[in-house]
Amino acid sequence: MSETNSAAETAAPHRYTAAMAAEIEARWQDFWDADGTYEAANPSGDLAGEPAEVARPKKFIMDMFPYPSGAGLHVGHPLGYIATDVYARHQRMTGHNVLHTLGFDAFGLPAEQYAVQTGTHPRVSTEANIENMKAQLRRLGLGHDKRRSFATIDPDYYKWTQWIFLQIFNSWYDDEAKKARPIAELIARFESGERSVPGSTRAWSELSAAERADVLSEYRLAYASDSPVNWCPGLGTVLANEEVTADGRSERGNYPVFKAKLRQWNMRITAYADRLLEDLDALDWPEAIKLQQRNWIGRSEGARVDFPVGEDAITVFTTRPDTLFGATYMVLAPEHDLVDSIVPDAWPQGTHALWTGGHATPSLAVDAYRKQAAAKSDVERQADAKEKTGVFTGAYAVNPVSGEQVPVFIADYVLMGYGTGAIMAVPAHDTRDFAFARAFDLPMRCVVEPTDGRGTDPAEWDDAFDSYEAKIIASANDDVSLNGLGVVEAKAKITEWLEGRGIGEGTINYRLRDWLFSRQRYWGEPFPIVYDEDGVAHALPESMLPLELPEVDDYAPRTFDPDDADTQPETPLSRNEDWVNVTLDLGDGPKRYRRETNTMPNWAGSCWYELRYLDPHNGDKLVDQDIERYWMGPREGMPHGGVDLYVGGAEHAVLHLLYARFWSKILFDLGYVSSAEPFHKLFNQGMIQAFVYRDARGIAVPAAEVEERDGGFWYQGEKVSRVLGKMGKSLKNAVTPDEICAEYGADTLRLYEMAMGPLDVSRPWDTRAVVGQYRLLQRLWRNIVDETTGETTVVDAEPDEDTLRALHKAIDGVGQDMAAMRFNTAIAKITELNNHLTKSGGAVSRSVAERLVLLVAPLAPHIAEELWRRLGHTDSVVHRDFPVADPAYVVDETVTCVVQIKGKVKARLEVSPSITDAELEALALADPAVVAALGGAGIRKVIARAPKLVNIVPA
Ligand code: ANZ
Numbered sequence: 001m002s003e004t005n006s007a008a009e010t011a012a013p014h015r016y017t018a019a020m021a022a023e024i025e026a027r028w029q030d031f032w033d034a035d036g037t038y039e040a041a042n043p044s045g046d047l048a049g050e051p052a053e054v055a056r057p058k059k060f061i062m063d064m065f066p067y068p069s070g071a072g073l074h075v076g077h078p079l080g081y082i083a084t085d086v087y088a089r090h091q092r093m094t095g096h097n098v099l100h101t102l103g104f105d106a107f108g109l110p111a112e113q114y115a116v117q118t119g120t121h122p123r124v125s126t127e128a129n130i131e132n133m134k135a136q137l138r139r140l141g142l143g144h145d146k147r148r149s150f151a152t153i154d155p156d157y158y159k160w161t162q163w164i165f166l167q168i169f170n171s172w173y174d175d176e177a178k179k180a181r182p183i184a185e186l187i188a189r190f191e192s193g194e195r196s197v198p199g200s201t202r203a204w205s206e207l208s209a210a211e212r213a214d215v216l217s218e219y220r221l222a223y224a225s226d227s228p229v230n231w232c233p234g235l236g237t238v239l240a241n242e243e244v245t246a247d248g249r250s251e252r253g254n255y256p257v258f259k260a261k262l263r264q265w266n267m268r269i270t271a272y273a274d275r276l277l278e279d280l281d282a283l284d285w286p287e288a289i290k291l292q293q294r295n296w297i298g299r300s301e302g303a304r305v306d307f308p309v310g311e312d313a314i315t316v317f318t319t320r321p322d323t324l325f326g327a328t329y330m331v332l333a334p335e336h337d338l339v340d341s342i343v344p345d346a347w348p349q350g351t352h353a354l355w356t357g358g359h360a361t362p363s364l365a366v367d368a369y370r371k372q373a374a375a376k377s378d379v380e381r382q383a384d385a386k387e388k389t390g391v392f393t394g395a396y397a398v399n400p401v402s403g404e405q406v407p408v409f410i411a412d413y414v415l416m417g418y419g420t421g422a423i424m425a426v427p428a429h430d431t432r433d434f435a436f437a438r439a440f441d442l443p444m445r446c447v448v449e450p451t452d453g454r455g456t457d458p459a460e461w462d463d464a465f466d467s468y469e470a471k472i473i474a475s476a477n478d479d480v481s482l483n484g485l486g487v488v489e490a491k492a493k494i495t496e497w498l499e500g501r502g503i504g505e506g507t508i509n510y511r512l513r514d515w516l517f518s519r520q521r522y523w524g525e526p527f528p529i530v531y532d533e534d535g536v537a538h539a540l541p542e543s544m545l546p547l548e549l550p551e552v553d554d555y556a557p558r559t560f561d562p563d564d565a566d567t568q569p570e571t572p573l574s575r576n577e578d579w580v581n582v583t584l585d586l587g588d589g590p591k592r593y594r595r596e597t598n599t600m601p602n603w604a605g606s607c608w609y610e611l612r613y614l615d616p617h618n619g620d621k622l623v624d625q626d627i628e629r630y631w632m633g634p635r636e637g638m639p640h641g642g643v644d645l646y647v648g649g650a651e652h653a654v655l656h657l658l659y660a661r662f663w664s665k666i667l668f669d670l671g672y673v674s675s676a677e678p679f680h681k682l683f684n685q686g687m688i689q690a691f692v693y694r695d696a697r698g699i700a701v702p703a704a705e706v707e708e709r710d711g712g713f714w715y716q717g718e719k720v721s722r723v724l725g726k727m728g729k730s731l732k733n734a735v736t737p738d739e740i741c742a743e744y745g746a747d748t749l750r751l752y753e754m755a756m757g758p759l760d761v762s763r764p765w766d767t768r769a770v771v772g773q774y775r776l777l778q779r780l781w782r783n784i785v786d787e788t789t790g791e792t793t794v795v796d797a798e799p800d801e802d803t804l805r806a807l808h809k810a811i812d813g814v815g816q817d818m819a820a821m822r823f824n825t826a827i828a829k830i831t832e833l834n835n836h837l838t839k840s841g842g843a844v845s846r847s848v849a850e851r852l853v854l855l856v857a858p859l860a861p862h863i864a865e866e867l868w869r870r871l872g873h874t875d876s877v878v879h880r881d882f883p884v885a886d887p888a889y890v891v892d893e894t895v896t897c898v899v900q901i902k903g904k905v906k907a908r909l910e911v912s913p914s915i916t917d918a919e920l921e922a923l924a925l926a927d928p929a930v931v932a933a934l935g936g937a938g939i940r941k942v943i944a945r946a947p948k949l950v951n952i953v954p955a
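Using the UniProt record's numbering, you'd call the opening residue of the sequence shown number 1 and step up by one each time.
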């Protein structure tokens, strides 16, 4: 029998239906908005509340904010928002001052591309999308403090993004103090002579303004430089490494990406590499994400070693200086600067035929090979482990420990952008070198004694031996011996030896690169930078912020033939001459300047948004310091401070999360905030997946129109295949929250999403299963409200023992589950309690009904608020205390204990499973049946075996 049939609805006008849910939900949403129910109080400032309010412990709960796309939300998007809302509501009910709100990450390419296609200003389409998304989210009953919401495109938000940029521009990293300091302090040191001008014998005062700017550029944490960049002619923009796919194409648009040198803004994130690594330890983040950050930063300890070649020396970076005696050849990256100067005119006598690539001279061989390498991306160059290509340069270098002549090759498995772009090759102990040496018939020498019985002759091996747990052999010259040492000791010893002779030094290398911060786009934050006639960059004063985006006719950067590497970016802002060329007084009288015409990358706005939530209307400061300290300051267990809970997708493991951490640390160093980390606890929610149905040609068909029959799936009479995939428009399987809200109500949708499984695992959406949660709410309603009169049916009588146990067990379990974000099991426990009440029949005790409503409130806040008020309360359920379990009722079910006298059962006792032998003995002896059976006889012995058996031996 269907519970949603319309006959039943007419028969019972007070029944919980979708129509009733819609009415209740809209009514309470309006009330909450008008009442400011979710507004969180600051300790001071314009959002300050009662002192008592801020005396409660705080909880700052945050979601990764959405990009307001034109497609709107599907049911997968709000999974995390519902989860944080449930958690926040539970925290509010357990005595916390909860800050929970949501803003919009609204600069970015989709709006710009839409603008390019349609001529609509990106602000217009973005704001419309925001409005649409806000309405969709409001329908879900999320308890956000709306006074604190904003979008990154709001000028009074990006004013501060620009302001932070200026702080970064005006700072340098002091390696001794290990922190950022104002650049003015560095200038003062140059002026006073405390620091000499690097690479020059002249005094600071003798340098021109442009020369000084160049020197400072080497220190500033935001600096412009001619950097090798990923230039994508097809998009007309440069891309960060992170935006380039493994096969060397643009993540967006899939165009070829080329290496080019362009003047670009960079952020010196590498200065923070060590702190970004170290501070990870104290963060409560998933280990997998920490590991991705560690790998991204890629710290390697090793040494730089010089190998003389003619007058020059090749400096290599190696993590295994202990294997130096085994270095039998060298490899330079094909682009390495030294290549041209070491190449001789002719092949040396007796050069191996394999090494020349069939070319008549070394320079012909090198040129040909360089062309071949340039066509490959870094990833392609490193990927093919087996097939190693390269060519001999014709030059020999000297191994500085053995004095041996070693041939120098160029090969694409050595990358220019890592270490020094040159390696010493130790084929016996490095897999790549081993493959290369085999291909080119190069000598190998074993210098780390194999522990796997393979012997010490590499000619007989199938692969390199690369253990760290072995002893060094065959590694001595007249001056130093590593023989018999372990790898770690050998590294230390040889590094010291090299340092002593000035031919090497211990060093740390990082995979992390500085963050390329310029984009050739319109829809981003303009840089608050102008250039004078000498090309020197000047910061705009704070009074000129925000520097707003000018109106332009054409939003597109100029794009080029995707395959034409010899092109240069041309930005939309550069075409607006009136905006670009300005006369400004920057303190030394009016002068002509030219504005920077790049914009900031999309990541900028999300690097600090948690701070703006705290003090959203502050026009004088980034954030008030007391307010920041209250919400984000360090606490017991969170030494770097930060947001208490940050929920979002695991795809942001390295980009957003690394950049935001970096900005936090700069603001911390400069004294603007007390938290050195933005997000103390991170939680990655799983994905809501959906079935994708495809026809015989592999084209996705509308999932909603697919029928299931005869064990197969059919669309318009044609058999289709089904696989689990992402939900979205392009796969024609998107389900919107609006549809589900219309059919069942927001409370049902919330419950369904939370009940689908543990929050951190991905789960398949199944519209047909949503009704299960709808029924739970209908039964909850029926347990409290008379469906004919609409009056509550609760009674004041005390609940029976069974019900008390069911209630307190539920309270105990649900409370623990909510605190640990196990919402699926919390729902299971609520369902169990509700079913218990349904099965018991009869009216429900008020005390049980009220506590049940409080348990439901975080998950299904609308129905809970409605029932709470119908139960006679005049205050909101939102700020009520979450129920506390009575431990006496929480113990598991009782067990039956058998009491025997002389081996015969005389009584059965219902006891707690945790009862002690002594308690059980006392209970048994007091039982009337036992007293009667003993008939006054004395007792010789009692054997109690808690909790199941008592045996009494009468005297
Ligand atoms: C000799 C050696 C012997 C090495 C051995 C390894 C094992 P990680 O740990 O990733 O930092 N290398 C250095 N620069 C390179 C470049 N530009 N392109 C490709 N490879 C490069 O790797 C450092 C090691 O990778 C270095 O240590 C170097 O090879 C290689 F048994 O030097 B090694």
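Note that the Cβ used here is the ideal one computed from N, Cα and C, for glycine as well.
What is the DSSP secondary structure of Q91, reduced to helix, strand or coil? DSSP, reduced to helix, strand and coil, places Q91 within a helical segment of the structure shown.
Please give the ranges of any beta strand (DSSP E) in the stretch 162-204, keeping only runs that are unbroken, at least 3 residues long and fully inside the region. Complete beta strand (DSSP E) runs here, min 3: 171-174, 179-182.
Is any non-hydrogen atom of the ligand ANZ found closer than 7 Å to the C-beta of T152, if you look at the structure I gave you? Every heavy atom of the ligand ANZ is 7 Å or more from the Cβ of T152, so no.
Relative to the C-alpha of K902, which candidate in H879, Y889, A937 has its C-alpha closest? A937
Rounded to a whole number of angstroms, what is the C-alpha to C-alpha distance between E9 and T767? Residue confidence for E9 is low, a pLDDT of 48 falling below 50, so the modelled location carries little weight; the figure read from the coordinates is stated next. If you take the alpha carbons of E9 and T767, they lie about 22 Å apart.
Pick helix, strand or coil for P887, following the three-state DSSP scheme. Correct three-state label for P887: helix.
Would you please state the rounded distance, in angstroms, between the beta carbons of R661 and L221? I believe it to be under 8 Å. Wrong, their Cβ atoms sit about 14 Å apart, outside the cutoff.
In angstroms with no decimal places, state the Cα-to-Cα distance between E651 and N477. 51 Å
W714 - containing beta strand (DSSP E), residue span: 712-715
State the beta-bridge partners of A864 as determined by DSSP. BP columns for A864 are empty, so no partner.
Which value, in whole angstroms, describes the spacing of the CA atoms of V316 and A395? 16 Å
Straight-line Cα distance separating E910 from G935: 23 Å
Inter-residue spacing [alpha-carbon to alpha-carbon] between L655 and Y38: 31 Å
Can you tell me whether DSSP reads M133 as helix, strand or coil? helix
Output the distance between the C-alpha atoms of S402 and P450, rounded to the nearest integer angstrom. If you draw a straight line from the Cα of S402 to the Cα of P450, it comes to about 21 Å.
Hey, how far is the Cα of Y369 from the Cα of W285? 46 Å
For V552, which residues in the same chain have their Cβ closer than 8 Å to its Cβ, ignoring the five residues on either side in sequence? Y522, P572, L573, R575, N576
Short of 7 Å in beta carbon distance, which residues of its chain neighbour V229, apart from the five on each side in sequence? Order them along the chain. V238, A260, L262, Q264, L516
T874 - DSSP class collapsed to helix/strand/coil: coil
Can you check whether the CB of F668 is closer than 8 Å to the CB of S675? yes
My assumption, with CB atoms under 8 Å, is that D695 sits in contact with V701. Please give the rounded CB distance. 6 Å
Member of I410, V536, Y555, V480 whose CA lies at the smallest distance from the CA of K591: V536
Beta strand (DSSP E) segment containing I308, residue limits: It should be pointed out that residue 308 corresponds to Pro in this sequence rather than to Ile. Unbroken beta strand (DSSP E) run through P308: 299-309.
According to DSSP, which residues form a beta bridge with I529? A539
Bridge partners for F60 per DSSP, in chain order? L99
Quick one: give me the first and last residue of the alpha helix (DSSP H) that L657 is part of. 655-669
Could you tell me if A946 is buried or exposed, where buried requires 16 or more neighbouring beta carbons within 10 angstroms of its beta carbon? buried
Expressed to the nearest angstrom, what Euclidean distance is found between the alpha-carbon atoms of P233 and S475? 51 Å
Is Y659 near C607, with beta carbons less than 8 Å apart? yes
Looking only at its chain, what residues have a beta carbon closer than 8 Å to the beta carbon of residue 986, apart from the 5 residues adjacent to it on each side? Limits of the chain in this structure are 1 at one end and 955 at the other, which puts residue 986 out of reach.
Using C-beta distances below 8 Å, list every residue in its chain close to residue 969, excluding the 5 sequence neighbours before and after it, in chain order. For residue 969 there is no data in the structure shown, the boundaries of the chain being 1 and 955.
For R15, count neighbouring Cβ atoms within 10 angstroms of its own Cβ and tell me buried if that reaches 16, exposed if not. buried
Compute the distance between the beta-carbons of D154 and H100, then report whether it is under 8 Å. no
Secondary structure of V723, DSSP reduced to three states: strand
Label E496 either buried or exposed according to how many other C-beta atoms from any shown protein chain fall within 10 Å of its C-beta, with 16 as the threshold for buried. Looking at its Cβ environment, which holds fewer than 16 other Cβ atoms inside 10 Å, E496 is exposed.
For Y67, which option in M687, Q372, W603, W204 has the closest C-alpha, if you only look at C-alpha atoms? W603
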